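> For the record, in the sequence shown the residue sitting at position 142 is 423 according to this note's numbering, with numbers rising by one throughout.
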Amino acid sequence: MPLELITIPCLSDNYAFLLVNAKGEAALIDAPEAAPINAVLAARGLTLTAILLTHHHWDHVEGLDGLSPAPRTIGAKADAHRLPPLSETVQDGDRLTVLGEEVVIYDVSGHTRGHIAFHFPASGYVFTGDSLMAFGCGRLFEGSPEEMFQSLRKLAALPADTLVCSGHEYTTANGEFAAAAFPNDSAIMARCAETARLRAAGQPSVPSSLALENATNPFLRAADVASFAKLRAEKDVF
Ligand code: ZN
Ligand code: FE
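So, in structure tokens, the structure goes:
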């Protein structure tokens, strides 16, 4: 049975995610804000067994202080000096077990150096933080276009039915850029309409399927580093 995914809106536009197994044990991916996470844990009577951190930005770690300590806190070895204290450090290609399931670590640097993604192949989730985002990708704060392009390539190659759990509700704005960049693209237009419907109904547009990202995300569709870099620069000033 796949792990259950709970998407938790935090702060103004962040998401935290809980994965839950049949024993009521939970793993948290990113900790933007403690209160909404604690509320779900309490309402469901879940035991938090692990916290997985994608990158060091404050809006992904600041909630940690308000959570009851988990037995495991996992983050990138390359980022350990600026992440909260970790019990396990990981790097690209590492495999570990969380909630009884295998997790594969991908280095997806670009937004920050040392940004990682967590892939749960058996349940079909990938937690991408601010690297691959719904209908877009994170800004290049520390990495080069080349680094982000290669990071996105790795994620694009995962199974098409993988659910992409990214860190923010930015899909509407990302869609406005995609529609401006590719005005006659029916797949992009359809996704903009679907995003508007979800948001009007008060529902998150995250997670999204990797198949949908590969079909509509301008940054995943970029054929080479140069076209990726041009798109990313255009988005920065859009
Ligand atoms: Zn970030
Ligand atoms: Fe963020």
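Built from N, CA and C at the ideal position, the CB exists for glycine as well.
Keep in mind it's a predicted model, so treat the numbers as computed, not measured.
In this structure, does DSSP put A331 in helix, strand or coil?
Locating residue 331 in the sequence shown gives position 50, counting from the first residue. Three-state result, A331: strand.
> Quick check: P488 and S432, are their CB atoms within less than 9 Å of each other?
Looking up residue 488 in the sequence shown gives position 207. Looking up residue 432 in the sequence shown gives position 151. Contact: no.
> Under a three-way DSSP split, which group does R420 fall into?
Indexing the sequence shown from 1 puts residue 420 at position 139. Correct three-state label for R420: coil.
> Beta-carbon distances below 5 Å to any heavy atom of the ligand ZN define the shell here; list its residues in chain order, please.
Taken from the N-terminal end onward, the list reads H338, D411.
> Identify every run of the alpha helix (DSSP H) within the segment 285 to 334, keeping only runs that are complete inside it and at least 4 residues long; order them along the chain.
Taking only runs of at least 4 residues, the alpha helix (DSSP H) segments lying wholly in the segment 285 to 334 are 315 to 325.
> DSSP three-state label for M414, please.
As a first step, residue 414 must be located in the sequence shown, where it is residue number 133. Strand at M414.
> Based on DSSP bridge pairs, tell me the residues matched to I386.
As a first step, residue 386 must be located in the sequence shown, where it is residue number 105. Paired residue(s): F399.
> What residues match up with V379 in a beta bridge as DSSP calls it?
As a position in the sequence shown, residue 379 is number 98, starting the count at 1. Its beta-bridge partners are E382.
> Return the CA-CA distance between V445 and T409, expressed in angstroms with no decimal places.
Working through the sequence shown from its first residue, we reach residue 445 at position 164. Working through the sequence shown from its first residue, we reach residue 409 at position 128. Each residue's alpha carbon lies about 7 Å from the other.
> With distances taken from CA atoms, which of P352, L491, I397, F298 is nearest A320?
By 1-based counting over the sequence shown, the position of residue 320 is 39. Closest option to A320, Cα to Cα, is F298.
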